[in-house]
Structures are given as structure tokens and as C-alpha cells.
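In my numbering, the protein residues as written are 69 to 136. Think of the CB as a built atom: it goes at the ideal place given N, C-alpha and C, for glycine as much as any other residue.
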């Protein structure tokens, strides 16, 4: 089983947030956000936000930072 993450080929969460801060902030403009979550699975970062109006999610390529 090869579930290891190659850290040399994957953006760190900090790098992703720096690169995509405007995209992420445009998505999470709402002031009623109660929770955010960052998940890395199979080469994809998922940034989820929860608010009173529902859940929003953005997905990014973990190697390039490209919005999917």
C-alpha cells in the first residue's frame, strides 16, 4: 500500500493559502462562518467552510495549486 505523501512534490497548506488567498477569500466572504477544514486526499486539497447558510468547498491540485 502506497499512501505516502511526497512532501517534495506537494504544496504545503501554508503555500496553498498564500498562492490562492484571493480565490479562497472570495469564496468565504460570509461573516457567519462557523468552521473551516483543509483536507488532503489523493493529490487534492479540499478547503471547506461551514456557515449558517450551508457548506462551501473548493478543490485544488496539491502539486500545482490549480483550482479544480
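{"Query": "What residue ranges within the region 88-126 form continuous alpha helix (DSSP H) runs of no fewer than 4 residues, ordered along the chain?", "Result": "89-95"}
{"Query": "Residues in its own chain within less than 7 Å of residue 134 by CB, not counting five upstream and five downstream?", "Result": "128"}
{"Query": "Thinking C-beta only, is residue 119 closer than 8 Å to residue 125?", "Result": "no"}
{"Query": "Under the three-state reduction of DSSP, which class applies to residue 135: helix, strand or coil?", "Result": "strand"}
{"Query": "Residue 130 and residue 108: beta carbons closer than 8 Å?", "Result": "yes"}
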